[in-house]
Every structure is written in structure tokens, then in C-alpha cells.
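**Student:** Before I ask anything, here is the structure I am working with.
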Amino acid sequence: MAVIYQEKSGLFTLQTKTTTYQMKVDKYGVLLHTYYGPKTDASDYSYLIMPADRGYSGQPGDVQDERTYSLDFYPREYPVYGNGDYRIVGMKANLKGQVPALDLRYHSSRVMKGKYRLEGLPSMFAEEGEDGVDTLEVVLKDRYEDLYVHLLYGVYEEDDVITRAVRVENCTGQAVELKRVMSMSVDFTERGFELVHFYGKHAMERQMERQALPHGITEISSRRGTSSHHHNPFVVLTRKDTTEDHGECCGFAFVYSGSFKAQIEVDQIHQTRLTMGINDEEFCWKLEDQESFIAPEVCMVYSEEGFTGMSRRFQKAFYRRLIRSPWKDRMRPILVNNWEATYFDFDREKLMKIARQASELGLDMLVLDDGWFGKRNNDNCGLGDWVVNEDKLGCSMKELVQEVNDLGLSFGLWFEPEMVSEDSDLYREHPDFAFQIPGRSPVRSRNQLVLDISRKDVREYVEERMFRVLDEANIVYVKWDMNRSIENVYSALLPEGSQGEILHRYVLGLYEMMEHLLERYPNLLLEGCSGGGGRFDAGMLYYAPQIWCSDNTDAVERLKIQYGTSFAYPMSSISAHVSVCPNHQNGRVTPFKTRGICAMQGAFGYELDLSKLSDEDKEEVRRQVKFYRENYQVIQSGDYYRITSPWENHDVTAWSYVAQDASKAILAAVFTDLHGNPVAERVRWRGLDEKAVYEIDGREYTGAALMHGGYLLPVPQCNYDSCMLVAVRK
Ligand code: DGJ
Numbered sequence: 000m001a002v003i004y005q006e007k008s009g010l011f012t013l014q015t016k017t018t019t020y021q022m023k024v025d026k027y028g029v030l031l032h033t034y035y036g037p038k039t040d041a042s043d044y045s046y047l048i049m050p051a052d053r054g055y056s057g058q059p060g061d062v063q064d065e066r067t068y069s070l071d072f073y074p075r076e077y078p079v080y081g082n083g084d085y086r087i088v089g090m091k092a093n094l095k096g097q098v099p100a101l102d103l104r105y106h107s108s109r110v111m112k113g114k115y116r117l118e119g120l121p122s123m124f125a126e127e128g129e130d131g132v133d134t135l136e137v138v139l140k141d142r143y144e145d146l147y148v149h150l151l152y153g154v155y156e157e158d159d160v161i162t163r164a165v166r167v168e169n170c171t172g173q174a175v176e177l178k179r180v181m182s183m184s185v186d187f188t189e190r191g192f193e194l195v196h197f198y199g200k201h202a203m204e205r206q207m208e209r210q211a212l213p214h215g216i217t218e219i220s221s222r223r224g225t226s227s228h229h230h231n232p233f234v235v236l237t238r239k240d241t242t243e244d245h246g247e248c249c250g251f252a253f254v255y256s257g258s259f260k261a262q263i264e265v266d267q268i269h270q271t272r273l274t275m276g277i278n279d280e281e282f283c284w285k286l287e288d289q290e291s292f293i294a295p296e297v298c299m300v301y302s303e304e305g306f307t308g309m310s311r312r313f314q315k316a317f318y319r320r321l322i323r324s325p326w327k328d329r330m331r332p333i334l335v336n337n338w339e340a341t342y343f344d345f346d347r348e349k350l351m352k353i354a355r356q357a358s359e360l361g362l363d364m365l366v367l368d369d370g371w372f373g374k375r376n377n378d379n380c381g382l383g384d385w386v387v388n389e390d391k392l393g394c395s396m397k398e399l400v401q402e403v404n405d406l407g408l409s410f411g412l413w414f415e416p417e418m419v420s421e422d423s424d425l426y427r428e429h430p431d432f433a434f435q436i437p438g439r440s441p442v443r444s445r446n447q448l449v450l451d452i453s454r455k456d457v458r459e460y461v462e463e464r465m466f467r468v469l470d471e472a473n474i475v476y477v478k479w480d481m482n483r484s485i486e487n488v489y490s491a492l493l494p495e496g497s498q499g500e501i502l503h504r505y506v507l508g509l510y511e512m513m514e515h516l517l518e519r520y521p522n523l524l525l526e527g528c529s530g531g532g533g534r535f536d537a538g539m540l541y542y543a544p545q546i547w548c549s550d551n552t553d554a555v556e557r558l559k560i561q562y563g564t565s566f567a568y569p570m571s572s573i574s575a576h577v578s579v580c581p582n583h584q585n586g587r588v589t590p591f592k593t594r595g596i597c598a599m600q601g602a603f604g605y606e607l608d609l610s611k612l613s614d615e616d617k618e619e620v621r622r623q624v625k626f627y628r629e630n631y632q633v634i635q636s637g638d639y640y641r642i643t644s645p646w647e648n649h650d651v652t653a654w655s656y657v658a659q660d661a662s663k664a665i666l667a668a669v670f671t672d673l674h675g676n677p678v679a680e681r682v683r684w685r686g687l688d689e690k691a692v693y694e695i696d697g698r699e700y701t702g703a704a705l706m707h708g709g710y711l712l713p714v715p716q717c718n719y720d721s722c723m724l725v726a727v728r729k
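Per numbering that gives the first Met the number 0, the very first residue in the sequence shown carries number 0; after that it's consecutive.
What follows is the structure in C-alpha cells.
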């Protein structure tokens, strides 16, 4: 068992392959957090809590004159608001309409084989009865009322991952107002952590930033209704000296796709607390008597092997334990998407021209993006009218798909199910389906409004329309887009006083819709998208094995975007396409070869008019397609290494993949600057078999030489030149 419960001393020790996590029920029944870090034994680590006179900070009512006992200083497993802990808390709730105050004490616990599941929410899974995966449930109860808080822990021994979630159960006989329910809290009693997080904007997501933590509260959050382009729901606490290969760091990934909040507080004696969960800013959940509320899952990894060790664990755990799609191990179709090729300006002939060229060049799929339905000829109208525009296509969807299939290509289709244009039949018929505050004009973004999919009738309406289209034709892939932040939420059906529930109900509605889609079409390849990577989070991976990483298709800016994304998410989930130059987002010109190398970092495809390519570029497409087919297994499921950082090395960004048995490795490098009298760019391969001999371009090297001595990259011959090297074990 990965969970050790020592009843006498009140200790719960969770053990994974390389980490230990511990909590303790103290003599007052308060659940203390006593350890999270490198693997150690099940000793009682509460000896590390320093006893000192804390009279000025307050003691809980039943503690009386024990002045060293203060919840404002003690490390706690799930701190709550209103009992003398003035730091950030896990939970805040009103009982009986009073000022929020809770006092949670230990009630009971149980250990179960396997992994808990969360109804209606994505969460990591395990096989039925699988060894090495255990659930611990610790139940806390308010000292005065029958309000129970179930702390859930999923312990994955081999994967080296611990998950957390919380279920609040109301048995008080009356409604309770939940004002904040974080999914987790963790206390580190040492000083000196740094924070790594991933900020961004539309077309420039997940930019890595590392900073020292000041005293007080640092917050990384979104209140946009989506996890957002602006901050990713993934943060890392790291030691100052941690690097890619060495040192300690601890990552927290929220398995949720809506508004979130991660807060880190460094307190008066330099201790660090981190909480993560649904953003409480607009949150207020009325929990009726005998009802439960579930706070979504957080996945935690502690690594002593630098950022590489941490990322590896996240990537593998998400790949094995979170992505359910039957597509996860299959080679993903190499597709061509018509968005950047045509935008809204297409007809059957234009699409077929691209399709014929795609087939000739050996691609697998044509994806028809925005603009195929209703009157959607620009982005000001038509959303919500999911009726095929046969006038524009010149045929039915069935006929178009058949024609594409006849070329040996499969077919994918774009939807934006959560949105409505005011200029649409749907809006004219059901204006109340959209979020709008009565009497106020709504905030528009891309000239569209958000459908209130917290409502069952709205979900059913959209699903029915989507299913009609999908039933009609042989569509094997859906790109599910979502192109704006949510604002002015007001649901016409929710009673007054419950509007603080909408944003979370919206996300639950979204998950239900995706579940229905996958139940109806179990073999569908679902690609997530939100104006590019505005909803690139672990929650989405439960439904979509790949996510469009960014609307920015410039190979050079993608280096930083994909670098940041790789810290938590599997490379196979990063959807990336080759587009034309000058690039449509920033005007940069890069070699076709380099665009291919960058796009092959994940789920690979093209987004340009293939029929307009020069013969030379077409030859390059053939080479890229061949290379990807021959090597997709290493790229999709090999170990990924960030070799150089685009933030530190301004001349070259390099990365590599190594097959699980180290028999093959691929190293890619893109030169981001040029110099006269060039400097030697030496990279060290990683993850190879030291004793083995590898062949690269007809020359032999030992694994040790490549990893310790390194390898001299060729001198770049032009702006943004690149290379892709394959090392094969002899
Ligand atoms: C945003 C997506 O990220 C793009 O790829 C494209 O699908 C457009 N939306 C279509 O409106």
C-alpha cells in the first residue's frame, strides 16, 4: 500500500517511488501538514514545527492557554477561514447566514485500493483493482455543525504523482453558502522558494517566467471562464538553484478548464503556502442540505531531478492516466487545415484543390475550419446556426466528405459549440440562450456572445444540431473551438442568489457535452481549441488528446510557446502546423524546413494552400511526411528533453526525443540568430544508453560521448536555419 496510516500517532504517510507526503491529526483533532518532499521514512515530521510563544496570533477556543499553539503559524492540511489562520485558506463558508467561520477537525478516514473518481469532472484514472494506486479519504467535520469536508488523495506509486480533490457534504439541516472551496493547500515550513509560471496572451501562450517570491500573496489566476491564454493553471515551486537537470521543484496542475486561482503566500516566518482551485472571485455556491459539492482535481509532482524530472512525470502521467481517447497511441493523422489557406473564402473547388494536393503529397486528412455553416462568411455572424451552407459548398456535407474520402483522405470539421452571434437564427429565436445581464448591453468579443451551457435545454439544443451534421457524413475528427473570454454572466434560469454558480456550472455543462459527443462517436478524434491555446489544460486532455497550441504559427515564436507547454503537457497533445510565409501573425519569414521541424514537435499538420506551393516546397512536404511517419512513435511517446532554453540561449533552441528503450533518439535545433565568424554550438544529448554506439549521419559515437562530450551542430546557412538529427543505436 502506498498509504501508511499509523493510528496511534495520527499519521498518514503517502509514499510514491521518489516522494513522501505526510499529514498528522494532532491532539486537538486538527489535521496538520507535516511533510512533502523527497522520499523518506514514515517518521513523525511534526518535530519540525517550531514551538514559540504565538500569543499575539491567537489560539483556537479549545486550546486555552497553550500559547505556542497557533493556527496562524502551524502548517495545515486544509486551512479554513475563521479560526485564527489569517493566511490564504482552502475554504470559506457561511453557516446560518452568519459571518464565515469554520473549525474543521478530524472525523474519520479510509484507504481504498484504486483511484477515486469525481462525478461530472475529469480526473486521473487507474485500472479496476490495480496495484500501486491507492485512494486515501480523510474526513474533517466542523466542530459545531454537521458539515463534512472529504479530502481525497490519489497516490500513484510508480507514476510518482499524488492527486488531490475535495468533496464538501452538507448535513447541517439547512443551506450553506460556499464562498471558496480550493482543491488543495500545501504548506512548506522552509523559506526560499521561487515560482515558475506560464503567462501569455492570444497568439503567445505559456511564456515561462521564473521569479523570487515576495512576502505576502502572489496570485496566478483567470476569471475569464476559461483557463485562459493569459495564465496557465500550472505552477511550479522551485528551489533557487534548480535547473533543467538538477535540484528540487514541485509542480501543481489543475485538472479543470474554467476560471482558476493559484495563490502562494510567504508568511511572517517565511513559510510558504500554496492553494489551488476554482477562482473564488465570482464564486458563491448555495449548497443545500444533503447535497455535496466537488472541487476539481489537482495533480502534484515533486522532483529532485530538476524540471526534466518533473515534466517527465507530468507528461507520462497525463498520457497514461488522463488521456482516454482511443487515439492516444495511434499515429495522429497528418492533416491539412484550410483556415490560414482560405479563411472564410472557400468553395468546393478550392477545398478539393487543397485535398487533391494533400492526397498527392501523402497526407491523411482534410480539416474544414470555420465558415461552412449558416451565413458564416465572416466572423460577425452565423455562430449557433449549425446547418451546412450547401450553397457555399456547392453540395451536401455528405457529398463533400465522400469526395475527399475518395482521394484516400479522412475528413475533420470545426465547431464552436459554446457561442452565438447576435446575427444568427439561433439568437433571433432564443435570445435568452446567451449570457446577458438584463438591462445592460453585453460585452462582445469577436462580435459574439456566449451561450449559457449551464442550462440543459441549451446544451441539448446545440448537441442535437451538431449530431445532425456529424450523423450525415463520415466525419472522424472534430476541432472544438471557443473564441472569447466570458463576461457578464447571468443565467435566465438560475434563481436569484445563485448567479455565483454559473461559471462552474458552465464548465460542468461543457464537460457533459464533450462526454456526450464521445459517447456517441467513440472513435472520434477530438481536438481542443480556444482561439489557439486559451484552454490548454489538463481538464481538456481528458476529452481531447490534442489541443491547438496557439493561433501563432510562426515557427520562431512557437519555440517559446511549445517550450512552455512542454513543462506539464505531453508532446503528443501539442497540435502544430506548417503555415505560409510571411507568417500571417507576425510577418516573419522562415525556411519551410524549419517550419516543419517546429510543427513536428507534436501532433503534426499543415495550414496553407498546398496547391500553391513551389515544387521545391512540395518536395520538402514529402520529406517531412515521410520523416514523421517513420519517427512518430519516438516523437509521440518517447522521453522529451529540453536541450536549450529559448529564454537563455538566443542563438539556438534545441530539444530531443528518446525512444523508451533508448534505441533511437531525435534531436532538433533551430538557429534563432546568425553571426559572422560563428561560435561553435555544442549540444549535449540526453537520455541515451551511455555504453551503446549510435550512428548519426553515417558517423559513430558512443552514447557517453554524445551526452558528456556533446555534438557540434552544423553552422547555420541562413536566417532561422535548422537541423534534425537521428541517432540510431547499432
Ligand atoms: C480560432 C482558432 O484557433 C483558429 O485555428 C480558427 O479555427 C479560428 N478560430 C476560426 O474562427
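Virtual Cβ for every residue (Gly too), placed ideally from N, Cα, C.
What you are looking at is a predicted structure, and each value in this text was computed from that prediction instead of being measured.
#1: Between the region 635-652 and the region 543-562, can you find at least three pairs of beta-carbon atoms closer than 8 angstroms?
#2: Which residues in the same chain as residue 512 place their Cβ atom closer than 8 angstroms to its Cβ, once the five residues preceding and following it in sequence are excluded?
#3: Just verifying my parser: in three-state terms, what is the DSSP assignment at residue 609?
#4: Spatial neighbours of residue 183 within its chain, please: CB distance less than 6 angstroms, with the 5 preceding and 5 following residues excluded, ordered by chain position.
#5: Starting from the Cα of residue 653, find the closest Cα among 65, 713 and 141 and give me that residue.
#6: Does at least one heavy atom of ligand 2 sit under 6 angstroms from the Cβ of residue 338?
#7: Taking contact to mean 3 or more Cβ pairs, one atom from each stretch, closer than 8 angstroms, check whether the region 303-322 and the region 139-150 are in contact.
#8: Given 8 angstroms as the limit, is there contact between the region 586-597 and the region 330-337, that is, 3 or more CB pairs closer than that?
#9: Does the Cβ of residue 531 lie closer than 6 angstroms to at least one heavy atom of ligand 1?
#10: Are the Cβ atoms of residue 156 and residue 15 separated by less than 7 angstroms?
#11: Is residue 298 near ligand 1, judged by its Cβ being under 6 angstroms from some heavy atom?
#12: If you draw a straight line from the C-alpha of residue 209 to the C-alpha of residue 185, how long is it?
#13: Helix, strand or coil for residue 316? Go by DSSP, reduced to three states.
#14: Which residue marks the beginning of the beta strand (DSSP E) containing residue 688, and which one marks its end?
#15: Relative to the C-alpha of residue 505, which candidate in 223, 160 and 55 has its C-alpha closest?
#16: Using a Cβ-Cβ cutoff of less than 6 angstroms, which residues in the same chain neighbour residue 119 once the five nearest sequence positions on both sides are dropped?
#17: Can you give the Cα-Cα distance for residue 703 and residue 295, rounded to whole angstroms?
#18: Nearest by alpha-carbon distance to residue 636: which of 618, 602 and 613 is it?
#19: Which word fits residue 556, buried or exposed, when buried means at least 16 other C-beta atoms lie within 10 angstroms of its C-beta?
#20: Under the three-state reduction of DSSP, which class applies to residue 782: helix, strand or coil?
#21: By a C-beta neighbour count over all protein chains shown, 10 Å radius and 16 as the cutoff for buried, is residue 532 buried or exposed?
#22: Between the beta-carbon of residue 241 and the beta-carbon of residue 249, is there less than 7 angstroms?
#23: So the beta strand (DSSP E) residue 272 belongs to, where does it begin and stop?
#24: Quick one: residues in its chain with C-beta nearer than 6 angstroms to the C-beta of residue 187, no 5 flanking neighbours on either side, listed in chain order?
#25: Excluding the five sequence neighbours on either side, which residues of its own chain have a C-beta within less than 8 angstroms of the C-beta of residue 307, listed in chain order?
#26: If we call anything under 7 angstroms between Cβ atoms a contact, is residue 536 one with residue 213?
#27: Counting C-beta neighbours from all protein chains within 10 Å, is the total for residue 548 16 or more, i.e. buried, or is it exposed?
#28: Can you tell me whether residue 12 is buried or exposed? The criterion is at least 16 other CB atoms within 10 Å of its CB, across all chains shown.
#29: Tell me where the alpha helix (DSSP H) around residue 564 begins and ends.
#30: I'd like to confirm something about residue 368: is its beta-carbon nearer than 6 angstroms to some heavy atom of ligand 1, or not?
#31: Give me the Cβ distance between residue 664 and residue 651, rounded to the nearest whole Å; I'm assuming they're in contact under 8 angstroms.
#32: Just mark residue 707 as buried or exposed, buried being the case when its beta carbon has 16 or more other beta carbons within 10 Å.
#33: Can we count residue 528 as close to ligand 1, meaning its CB is less than 6 angstroms from some heavy atom?
#34: Helix, strand or coil, according to DSSP, for residue 425 in the structure here?
#35: In this structure, what does DSSP give as the bridge partners for residue 36?
#36: Which residue spans inside the region 587-674 form an unbroken beta strand (DSSP E) run of at least 3?
**Tutor:** With the given structure in hand:
#1: The region 543-562 makes contact with the region 635-652, as at least three CB pairs between them are under 8 angstroms.
#2: In the sequence shown, residue 512 corresponds to position 513, counting from 1. Residues 416, 452, 458, 461 and 462 of the same chain have their beta carbon placed closer than 8 angstroms to that of residue 512, with the five preceding and five following residues left out of the count.
#3: Position 610 of the sequence shown, counted from the first residue, corresponds to residue 609. Helix at residue 609.
#4: On the sequence shown, residue 183 is found 184 positions in, with the first residue counted as 1. Result list for residue 183: 163, 275 and 297, in chain order.
#5: Against the sequence shown, residue 653 aligns to sequence position 654. Considering only alpha carbons, the answer is 713.
#6: No copy of ligand 2 occurs in the structure displayed; its ligands are ligand 1 alone.
#7: The region 303-322 is not in contact with the region 139-150.
#8: Under the Cβ criterion (8 angstroms, minimum of three pairs), the region 586-597 does not count as touching the region 330-337.
#9: As a first step, residue 531 is located in the sequence shown; it is residue number 532 there, counting from the start. Indeed, a heavy atom of ligand 1 lies less than 6 angstroms from the Cβ.
#10: As a working note, residue 156 is residue 157 in the sequence shown. As a working note, residue 15 is residue 16 in the sequence shown. Against a cut-off of 7 angstroms, the Cβ pair of residue 15 and residue 156 comes out as a contact.
#11: Counting from one through the sequence shown, the residue named residue 298 turns up at place 299. Result no, Cβ not under 6 angstroms from ligand 1.
#12: Within the sequence shown, numbered from 1, the residue matching residue 209 stands at position 210. Within the sequence shown, numbered from 1, the residue matching residue 185 stands at position 186. When rounded, the distance between both Cα atoms is 20 angstroms.
#13: Here residue 316 refers to the residue found at position 317 of the sequence shown. DSSP places residue 316 in the helix class (H, G or I) of the three-state scheme.
#14: Position 689 of the sequence shown holds residue 688. Where residue 688 is concerned, there is no enclosing beta strand (DSSP E), because DSSP gives it neither an H nor an E.
#15: Counting from 1 along the sequence shown, the entry for residue 505 is found at position 506. Nearest C-alpha to residue 505: 223.
#16: Numbered from its first residue, the sequence shown carries residue 119 at position 120. The residues are 507.
#17: On the sequence shown, position 704 is the one that residue 703 refers to. On the sequence shown, position 296 is the one that residue 295 refers to. For residue 703 and residue 295, the gap between their C-alpha atoms comes out near 44 angstroms.
#18: For the purposes of this step, residue 636 is taken as the residue at position 637 of the sequence shown. Of the listed residues, the one whose Cα sits closest to residue 636 is 602.
#19: Walking along the sequence shown from the start, residue 556 turns up at place 557. Classification of residue 556: buried, given that the 10 Å Cβ count is 16 or more.
#20: Residue 782 lies beyond the range of the chain shown here (0 to 729); nothing can be said about it.
#21: By 1-based counting over the sequence shown, the position of residue 532 is 533. With 16 or more other Cβ atoms within 10 Å, it is buried.
#22: Mapped onto the sequence shown, residue 241 falls at position 242. Mapped onto the sequence shown, residue 249 falls at position 250. No; because the gap between Cβ atoms is not below 7 angstroms, this pair is not in contact.
#23: Taking the first residue of the sequence shown as 1, we reach residue 272 at position 273. Element bounds for residue 272: 271-277.
#24: On the sequence shown, position 188 is the one that residue 187 refers to. Hits under 6 angstroms: 271.
#25: Counting from one through the sequence shown, the residue named residue 307 turns up at place 308. Cβ within range, chain order: 243, 244, 640, 641 and 685.
#26: Indexing the sequence shown from 1 puts residue 536 at position 537. Indexing the sequence shown from 1 puts residue 213 at position 214. By the CB criterion at 7 angstroms, residue 536 and residue 213 fall outside the cutoff.
#27: Mapped onto the sequence shown, residue 548 falls at position 549. So residue 548 ends up on the buried side.
#28: For the purposes of this step, residue 12 is taken as residue 13 along the sequence shown, with counting starting at 1. With 16 or more other Cβ atoms within 10 Å, it is buried.
#29: Against the sequence shown, residue 564 aligns to sequence position 565. It spans 554-564 - the alpha helix (DSSP H) in which residue 564 sits, taken as one unbroken run.
#30: Against the sequence shown, residue 368 aligns to sequence position 369. For residue 368, the CB falls within less than 6 angstroms of some heavy atom of ligand 1.
#31: Here residue 664 refers to the residue found at position 665 when the sequence shown is read from its first residue. Here residue 651 refers to the residue found at position 652 when the sequence shown is read from its first residue. Contact flag wrong, Cβ pair sits at about 18 angstroms.
#32: Looking up residue 707 in the sequence shown gives position 708. Exposed is the call here.
#33: Here residue 528 refers to the residue found at position 529 when the sequence shown is read from its first residue. The answer is yes for residue 528.
#34: Looking up residue 425 in the sequence shown gives position 426. Correct three-state label for residue 425: helix.
#35: Mapped onto the sequence shown, residue 36 falls at position 37. According to the DSSP secondary-structure assignment, residue 36 is paired through a beta bridge with 19.
#36: For the region 587-674, the full-length beta strand (DSSP E) segments reaching 3 residues or more read 602-605, 638-641, 651-657 and 663-670 along the chain.
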